[in-house]
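To keep things clear, I will list the structure first and then write my remarks on it.
Numbering (full-length UniProt numbering), first residue to last: 1 to 317.
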């Protein structure tokens, strides 16, 4: 089943006082116990009960432990009916290596009355793809080890603790309209490198009817161009409703062969797709970032620089 084939995604319950949160490391390793302690403090400050994956502090090269260890922690949390949400400790790389085990756990819990929330971004894009493939809303937002600025914490709390059925308008203060217009569709996407890497797999993202959100970090402009071209040639953007580029942090414009601006590369894609498009929303590897419920419907106003998120609340299986 392709992402675009999902007709109605189910929202998790809000994570209020006493919600039980699992902290896991499905991707890269933490910098040390102090980062785990900070993550626990962040979670408890929000009124949550916390469980920590057995291998949260493990390290195996650029992974937080072996594939087996990381999968064990993640799947154990997914199968635990007492866990309300999985908050990933960090990104890095490695989550997509766990997708077969993750998909099996999602299939085994498909009839669960109360879907679990997933929280994270960057490499966690791979898990967002699995959640949406299973028909579940997930939260594209800060990882647990991050220090939350006032802006990020307010956006996070608004999305995961305080959201009510209806429309929540998000205003991005420093955006550029690329293609004028309004678009309504499900939020989808994430880290560009991961979205491109998932092409050709069962978790490839089909953006039909979606407002596509993309961001990245530490990529040369030509590589961003190549990944976007790959997605276009693969048909991933066919039928998308709108496009919103987040922040491309430390993505350089210059190569030894000459320079081409990132803004021009993104503009080329937006104009080729002929859909309302915006760049510069606060999503990505930045201190001040939105938390977005991927899979929920939203309306993009490219001219006003706004994204209005439509929340329906928890739904029955």
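Glycine residues also receive a C-beta, built at the ideal position from the N, C-alpha and C atoms.
Note that the structure is predicted; figures quoted are calculated from it, not measured.
Residue of the options minimising C-alpha distance to residue i
i, options, result
"residue 185", "140, 68 and 300", "300"
"residue 101", "231, 203 and 136", "203"
"residue 189", "134, 237, 23 and 61", "237"
"residue 132", "96, 196, 111 and 10", "10"
"residue 211", "310, 264 and 153", "310"
"residue 139", "174, 175, 95 and 187", "187"
"residue 48", "222, 82, 15 and 246", "15"
"residue 278", "22, 73, 53 and 214", "214"
"residue 159", "65, 305 and 296", "296"
"residue 86", "64, 274 and 116", "116"
"residue 243", "112, 68, 306 and 63", "306"
"residue 171", "81, 55 and 282", "282"
"residue 298", "166, 205, 173 and 135", "166"
"residue 98", "109, 89 and 130", "130"
"residue 274", "150, 183 and 78", "183"
"residue 180", "19, 134, 75 and 241", "241"
"residue 245", "174, 259 and 253", "174"
Own chain residues within Cβ distance below 7 Å of residue i, not counting five before or after
i, result
"residue 42", "144 and 148"
"residue 249", "217, 284, 285 and 286"
"residue 33", "57"
"residue 227", "192, 193 and 196"
"residue 267", "178"
"residue 163", "14 and 311"
"residue 95", "26, 27, 123, 124, 126 and 127"
"residue 69", "55 and 58"
"residue 103", "130"
"residue 271", "179"
"residue 50", "21, 23, 40, 43 and 44"
Beta-carbon proximity list for residue i, same chain, < 6 Å, skipping 5 on both sides
i, result
"residue 234", "199"
"residue 156", "141 and 291"
"residue 194", "125 and 126"
"residue 168", "309"
"residue 247", "215, 284 and 286"
"residue 52", "23"
"residue 176", "279 and 280"
"residue 67", "97"
Cβ neighbours of residue i in the same chain (closer than 8 Å, five flanking residues each side left out)
i, result
"residue 239", "4, 207, 208 and 209"
"residue 251", "216, 217, 218, 219, 220, 221, 224 and 262"
Extent of the continuous beta strand (DSSP E) run through residue i
i, result
"residue 298", "297-301"
"residue 169", "166-171"
"residue 309", "306-311"
"residue 120", "117-120"
"residue 366", "Residue 366 is absent from the structure shown; the chain starts at 1 and stops at 317."
With 16 other Cβ atoms within 10 Å as the buried cut-off, status of residue i
i, result
"residue 121", "buried"
"residue 293", "buried"
"residue 358", "Residue 358 falls outside the range modelled here, since the chain spans only 1 to 317, and no answer is possible."
"residue 219", "buried"
"residue 91", "buried"
"residue 231", "buried"
"residue 113", "exposed"
"residue 276", "buried"
"residue 36", "buried"
"residue 31", "exposed"
"residue 150", "exposed"
"residue 303", "exposed"
"residue 81", "exposed"
"residue 44", "exposed"
"residue 329", "The requested residue 329 does not occur in the structure, where the chain is confined to residues 1 to 317."
First and last residue of the uninterrupted alpha helix (DSSP H) at residue i
i, result
"residue 139", "Where residue 139 is concerned, there is no enclosing alpha helix (DSSP H), although the beta strand (DSSP E) it sits in stretches over 138-140."
"residue 127", "125-133"
"residue 160", "150-160"
Could you tell me which uninterrupted alpha helix (DSSP H) segments, each at least 4 residues in length, are contained entirely in the segment 9-63, listed from first to last along the chain? DSSP runs (the alpha helix (DSSP H)) wholly in the segment 9-63: 33-45.
Entirely within the segment 77-115 and at least 3 residues each: give me those beta strand (DSSP E) ranges in chain order. 85-88
Going residue by residue through the UniProt domain "LD-carboxypeptidase C-terminal" (184-300), where are the continuous alpha helix (DSSP H) segments of at least 4 residues, counting only ones entirely within it? Segments of the alpha helix (DSSP H) lying fully in the UniProt domain "LD-carboxypeptidase C-terminal" (184-300): 192-197, 221-233 and 262-273.
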